[in-house]
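4 protein chains.
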Amino acid sequence: MTETARFSRTKQARRTDIRRENERLILEAAEKVFAEAGFGGATIQLIADMAGLPKANLLYYFPTKEDLYRRVVGNIFEIWLQAAEAMDNAPGPVEGIGAYIDAKMEISRRHPHGSKVWASEVMHGAPVIQDYLETTLRDWTEGRVTVIRRWIDEGQMAPVDPRHLLYMLWATTQHYADFGHQIETLNAGKPLSARQWAEAKESVKRIILTGIGALKG
Amino acid sequence: MTETARFSRTKQARRTDIRRENERLILEAAEKVFAEAGFGGATIQLIADMAGLPKANLLYYFPTKEDLYRRVVGNIFEIWLQAAEAMDNAPGPVEGIGAYIDAKMEISRRHPHGSKVWASEVMHGAPVIQDYLETTLRDWTEGRVTVIRRWIDEGQMAPVDPRHLLYMLWATTQHYADFGHQIETLNAGKPLSARQWAEAKESVKRIILTGIGALKG
Amino acid sequence: MTETARFSRTKQARRTDIRRENERLILEAAEKVFAEAGFGGATIQLIADMAGLPKANLLYYFPTKEDLYRRVVGNIFEIWLQAAEAMDNAPGPVEGIGAYIDAKMEISRRHPHGSKVWASEVMHGAPVIQDYLETTLRDWTEGRVTVIRRWIDEGQMAPVDPRHLLYMLWATTQHYADFGHQIETLNAGKPLSARQWAEAKESVKRIILTGIGALKG
Amino acid sequence: MTETARFSRTKQARRTDIRRENERLILEAAEKVFAEAGFGGATIQLIADMAGLPKANLLYYFPTKEDLYRRVVGNIFEIWLQAAEAMDNAPGPVEGIGAYIDAKMEISRRHPHGSKVWASEVMHGAPVIQDYLETTLRDWTEGRVTVIRRWIDEGQMAPVDPRHLLYMLWATTQHYADFGHQIETLNAGKPLSARQWAEAKESVKRIILTGIGALKG
DNA sequence: AATGAATGAGCATTCATTCAT
DNA sequence: GATGAATGAATGCTCATTCAT
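Heads up: the protein sequence lines correspond to chains Z, G, S and H, in order.
For the first sequence, UniProt numbering assigns the number 1 to the initial residue and increments by one for each residue that follows.
For the second sequence, UniProt numbering assigns the number 1 to the initial residue and increments by one for each residue that follows.
For the third sequence, UniProt numbering assigns the number 1 to the initial residue and increments by one for each residue that follows.
For the fourth sequence, UniProt numbering assigns the number 1 to the initial residue and increments by one for each residue that follows.
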């Protein structure tokens with residue numbers, strides 16, 4: 001490797017670093033703004049201000065508002081899918097569903113904005129992620145339905161409808177992110193403490209796992 | 001009463017009728033548009049078109065976009081509160097919570113747009129209904145917490161955290177409205193049938209009531 | 001007719017007047033700006049300023065820049081077609097072509113902006129009026145070719161190629177509009193006087209009519 | 001001369017070559033883009049893409065869009081002036097004007113883009129080449145007027161106004177470039193063939209030379 | 001009461017140009 | 001010398017709201 005080449009590689013690397021860092025700043029700001037104002041109510045100016053970049057620079061990284069939004073929604077979907085793996089390879093519902101609830105609750109806690117963007121996207125008819133819903137999500141759901149059916153057949157849980165159970169899992173865990181403001185207001189205006197988050201997790205797990213007959217109350 | 005007065009009263013009445021009818025048309029259209037596009041994405045023109053009125057006429061009834069939005073959100077809150085009454089005066093959780101779930105599921109089915117507007121409002125930090133949350137909703141919640149605590153004390157159900165139980169009730173029932181599009185997509189693209197709605201209700205009730213030890217699995 | 005109806009008709013009429021007047025103002029300004037700056041270089045703001053209207057009002061009349069441009073180009077085409085009628089029903093080339101040259105020269109004098117917009121449009125590949133070229137203009141051209149052929153057959157003029165003759169007529173007459181600025185510069189910086197316009201017409205007519213053997217030099 | 005110096009000279013030469021080649025590529029692309037979109041509609045990005053160079057590199061050679069445009073217009077003016085020489089030193093109008101028409105028609109055929117850029121520049125009021133018009137072009141024109149007057153005095157042609165004759169020559173020959181798209185459309189959508197170009201030249205020459213009494217019809 | 005016309009304030013996006021290496 | 005990155009200054013267009021009748 002020549003000196004020139006080495007220098008060149010360094011320059012390239014530095015550029016990549018800057019790009020990555022700026023993209024991170026933008027995506028973080030965008031997630032927040034899209035969550036708080038919706039797609040239509042969000043403005044590129046606001047996102048740029050929050051990221052500390054000129055508007056035109058933001059548009060240099062993400063050519064259109066929609067491109068940026070797509071990336072934000074895509075990121076959440078990724079995180080969401082990773083959590084889904086918690087359910088696989090578990091011997092039974094207590095471990096599988098328990099771990100899934102834990103993972104989803106943790107996402108609600110760590111990525112409340114992302115969850116809201118996802119909720120908003122679905123509520124508006126999923127204009128951007130309809131294909132995800134019809135492919136990845138549908139496949140994943142069917143896979144999980146099979147697993148749950150097996151647990152039922154094995155007598156590890158009561159014969160509940162697997163789909164409605166999944167909806168309940170999604171609804172309950174995401175509620176802590178999507179309706180976080182309402183929960184906070186009912187919690188004397190304060191965010192849930194670590195202890196309260198732990199209680200929430202336990203409550204959800206106990207009620208659902210007991211409810212499906214996997215835990216003996 | 002003179003002829004003129006009588007005629008005048010009649011005209012007055014006709015005017016009131018027209019006003020009421022137009023307001024109904026507008027609110028109906030607005031609920032749909034706000035639900036589908038969010039506050040920021042909704043346009044007065046679109047609402048007016050859907051209501052079949054000129055834009056300027058709509059603004060004659062509701063002077064600003066925010067005024068209209070307030071009324072829409074207020075309407076949903078009303079409906080939501082009525083359903084809450086189902087929980088009162090019940091001898092125990094099976095009847096009380098069961099009836100509440102039934103009522104909330106029915107609202108999700110009959111007023112999916114309203115539920116979405118409510119969700120959207122809360123997700124955006126409740127700029128318009130913050131006072132409702134801090135007064136009416138907080139009071140109602142505390143009342144219900146008391147009722148649930150009594151049932152627990154009476155041994156009618158397991159000692160679950162009443163607040164987390166309420167969140168689960170809200171989350172689960174509203175999910176069928178707010179995430180209706182996702183559910184429909186996972187249901188082969190078709191809306192839930194009457195039978196599927198019934199199954200949903202039963203699933204939710206059985207799991208939760210069993211989960212809190214009110215029903216013996 | 002009732003008073004109400006009459007009043008209503010009057011109001012309607014007044015509105016129509018305002019609309020017509022504003023459209024006229026806008027189209028006049030637009031023709032000038034499009035001619036002087038081209039489609040890409042023209043700005044709605046400039047046109048609006050020149051018409052003495054707020055930009056948003058202009059866009060109320062013509063929803064897009066392209067719509068406005070289309071109308072401007074369409075107007076010129078109309079005028080151009082009317083002049084073409086001068087050539088019909090003439091007993092021979094001296095009267096027919098002579099009248100056509102007179103008409104086209106007069107258009108160059110009265111509507112120099114329009115001619116430039118047309119020229120610019122054609123130079124840019126006729127993105128907007130390609131259909132006109134392929135239908136109306138093609139048909140008109142073929143009709144005139146037939147007429148010229150007949151005059152040739154009747155011995156009223158020399159056997160020149162009718163198409164190239166038409167191109168020469170268009171080129172020569174429109175040049176006085178399209179290259180008016182160059183002509184003015186070569187005319188000591190002053191616009192052509194009425195006398196000079198008359199000389200131009202006569203020169204063009206004499207050279208062409210003599211050139212095709214219709215006039216005996 | 002040291003080794004270093006010799007090496008340096010070679011490197012210098014190579015640089016010059018690259019510079020010349022890149023400038024050529026840019027000017028060629030710019031001529032096309034300016035012709036097709038006008039100054040306002042042209043974008044540096046498009047020119048750079050067409051030249052196969054990064055935008056920033058193009059601006060390294062031509063610091064501003066206007067600089068580049070100036071060079072393009074200047075080039076055309078050069079070509080245009082060269083053709084003008086065809087008219088000098090001819091014994092009479094048949095040779096002089098005939099050769100001029102041939103030369104200008106050939107330019108229209110070989111450099112249609114350049115002709116359009118020139119036309120566009122003049123139509124927009126010659127913001128860039130006004131000084132050329134007032135010096136070089138005015139002088140050249142007066143020289144040619146003198147020549148034509150002499151031919152008239154010598155009885156070699158009819159007493160036509162020399163200026164209007166020149167305008168006709170310019171108009172007619174440049175029309176084949178500037179309105180090439182229209183001509184192509186009227187030619188069944190196909191570019192003029194070599195034969196048709198020859199016919200065009202002959203038609204123009206015969207009509208004009210006959211028209212001014214230089215050729216006996 | 002009702003509504004066509006009008007408009008100020010913004011918005012997403014474009015683009016020539018500058019910066020930094 | 002060459003070029004990715006960055007940006008100020010528009011630009012076309014939208015939209016809630018106001019005006020005038």
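Quick reminder that beta carbons are idealized off the backbone N, C-alpha and C, glycines included.
These numbers come from a predicted model, not from an experiment.
Quiz item: Along the chain, where does the alpha helix (DSSP H) that runs through D178/S open and close?
Solution: Unbroken alpha helix (DSSP H) run through D178/S: 162–178.
Practice problem: Using alpha carbons as the reference points, say which of I26/H, F62/H, H124/H, H175/H lies closest to A48/H. | Solution: Ranking the options by Cα distance to A48/H, first place goes to I26/H.
Practice problem: Find the residues of chain Z that neighbour Q182/G, judging by a C-beta separation of less than 8 Å, and give them in chain order. | Solution: Per Cβ cutoff of 8 Å: V122, A126, L133, L137.
Exercise. Look up F77/S in the DSSP assignment and say whether it is helix, strand or coil.
Key: When secondary structure is reduced to three states using DSSP, F77/S falls in the helix class.
Quiz item: Along the stretch 137–161 of chain Z, what residues have a CB closer than 8 Å to any CB found in chain G?
Solution: L137, R138, T141, A158, V160, D161: these are the residues of the stretch 137–161 of chain Z whose beta carbon lies less than 8 Å from some beta carbon of chain G, given in chain order.
Exercise. Would you please verify whether the beta carbon of F77/Z is less than 9 Å from any beta carbon of chain G?
Key: So no, F77/Z is outside the interface.
Self-check item: Neighbouring residues, chain G, relative to S203/Z (Cβ below 8 Å)
Solution: Ordered by position in chain G, the residues that pass the 8 Å Cβ test against S203/Z are V160, D161, H164, L165, M168.
Quiz item: Using the beta-carbon of each residue, which ones in chain G are nearer than 8 Å to L186/Z?
Solution: Chain G residues near L186/Z: L133, L137, R138, T141, R163.
Practice problem: Could you name the residues of the same chain whose beta carbon sits closer than 7 Å to that of R20/H, not counting the 5 residues immediately before and after it, in chain order? | Solution: Around R20/H, the same chain offers no residue with a beta carbon nearer than 7 Å, after the five sequence neighbours per side are excluded.
Exercise. Measure the CB-CB distance between A119/Z and F77/G and report whether it falls below 9 Å.
Key: In this structure, F77/G does not lie closer than 9 Å to A119/Z by Cβ.
Quiz item: Okay, do the stretch 27–41 of chain S and the stretch 66–74 of chain S touch, 3+ Cβ pairs below 8 Å being the bar?
Solution: Segments in contact, yes.
Quiz item: Just checking my contact of F166/S with T136/S at CB under 8 Å: how many whole Å lie between their CB atoms?
Solution: In the sequence on display, residue 166/S carries Leu and not Phe. Contact between L166/S and T136/S is absent: CB atoms are separated by about 15 Å, not below the 8 Å threshold.
Quiz item: Is any beta-carbon of chain H found at less than 9 Å from that of H175/S?
Solution: True, the Cβ-Cβ gap to chain H drops below 9 Å.
Self-check item: Cutoff 9 Å: D178/H Cβ touching any chain S Cβ
Solution: Chain S contact via Cβ: present.
Quiz prompt | L192/Z, DSSP secondary structure in three states | solution = In the three-state reduction of the DSSP assignment, L192/Z falls in the coil class, being assigned neither a helical nor a strand state.
Quiz item: In its own chain, which residues sit with a C-beta less than 6 Å from the C-beta of A86/G, not counting the 5 before and 5 after it?
Solution: Its chain contains A99, Y100, A103 as the residues whose beta carbon lies nearer than 6 Å to that of A86/G, once the 5 sequence neighbours on both sides are disregarded; these appear in chain order.
Quiz item: Quick one, which residues of the stretch 30–54 of chain H are near chain S if we go by CB-CB under 8 Å, in chain order?
Solution: Shown in chain order are the members of the stretch 30–54 of chain H whose Cβ falls below 8 Å from a Cβ of chain S: A35, E36, A37, G38, F39, G40, G41, A42.
Quiz prompt | Length at least 4, wholly inside the stretch 110–167 of chain S: the alpha helix (DSSP H) runs in chain order | solution = Fully contained in the stretch 110–167 of chain S are the following alpha helix (DSSP H) runs of length 4 or more, in chain order: 112–123, 138–153.
Quiz item: Along the chain, which unbroken stretches of the alpha helix (DSSP H) at least 4 residues long are found entirely within the UniProt domain "HTH tetR-type" (20–80) of chain Z?
Solution: The qualifying runs are 44–51, 55–61.
Exercise. Would you check if the distance between the CB atom of P127/S and the CB atom of E134/S is smaller than 9 Å?
Key: Their beta carbons are not under 9 Å apart, which means P127/S does not touch E134/S by this criterion.
Self-check item: Under the three-state DSSP convention, the category A86/G falls into
Solution: The answer is helix: DSSP assigns A86/G an H, G or I state.
Quiz prompt | Distance cut-off 8 Å: K65/S Cβ against heavy atoms of the ligand COA | solution = For the ligand COA, the structure offers nothing, since it holds no ligand at all.
Exercise. Go ahead and pull the three-state DSSP assignment for K201/Z.
Key: In the three-state reduction of the DSSP assignment, K201/Z falls in the helix class.
Quiz item: Nearest CA to the CA of Y69/H: which residue from K116/H, E199/H, G211/H?
Solution: Comparing Cα-Cα distances from Y69/H to each of K116/H, E199/H, G211/H, the minimum goes to K116/H.
Self-check item: Nonlocal neighbours in the same chain, by C-beta distance under 7 Å from S108/G, ignoring five residues either side
Solution: Result list for S108/G: S115, T173, Q174, Y176, A177, in chain order.
Quiz item: Could you give the C-beta distance for I208/H and G213/S, rounded to a whole number, given that I count them as a contact under 8 Å?
Solution: Incorrect: roughly 13 Å between the Cβ atoms, too far for contact.
Quiz item: Using 9 Å as the limit for Cβ to Cβ distance, is I207/S near chain H?
Solution: Answer yes: the Cβ-Cβ gap between I207/S and chain H drops below 9 Å somewhere.
Quiz item: Using a beta-carbon distance below 9 Å, is T64/S in contact with chain H?
Solution: Judged by the 9 Å Cβ criterion, T64/S is not in contact with chain H.
Practice problem: Kindly indicate if chain Z contains any beta-carbon less than 9 Å away from that of G211/G. | Solution: True, the Cβ-Cβ gap to chain Z drops below 9 Å.
Quiz item: Does M1/G come within less than 9 Å of chain Z when only Cβ atoms are used?
Solution: At M1/G, the pLDDT of 44 sits below 50, so the modelled position is not reliable; the number obtained from the coordinates is stated separately. Taking Cβ atoms only, chain Z never reaches closer than 9 Å to M1/G, which makes this a no.
Quiz item: Rounded to the nearest angstrom, how far is the Cβ of R138/G from that of L186/Z, given a contact under 8 Å?
Solution: The Cβ separation is near 6 Å, so the contact holds.
Practice problem: Within 10 angstroms of the Cβ of R9/Z, are there 16 or more other Cβ atoms? Answer buried if so, exposed if not. | Solution: Residue placement at R9/Z cannot be trusted, given a pLDDT of 48 that sits under 50; what the coordinates show is reported in the next sentence. So R9/Z ends up on the exposed side.
Quiz item: In its own chain, which residues sit with a C-beta less than 6 Å from the C-beta of I18/H, not counting the 5 before and 5 after it?
Solution: Only residues of its own chain outside the window of five on either side were considered, and among them none has a CB closer than 6 Å to the CB of I18/H.
Exercise. Flag A200/G as yes if its beta-carbon sits less than 9 Å from any beta-carbon of chain Z, otherwise no.
Key: A200/G counts as touching chain Z.
Quiz item: Which chain Z residues sit within Cβ distance under 8 Å of T172/G?
Solution: For T172/G, the chain Z residues whose Cβ falls inside 8 Å of its Cβ are Y167, M168, A171, T172, in order along the chain.
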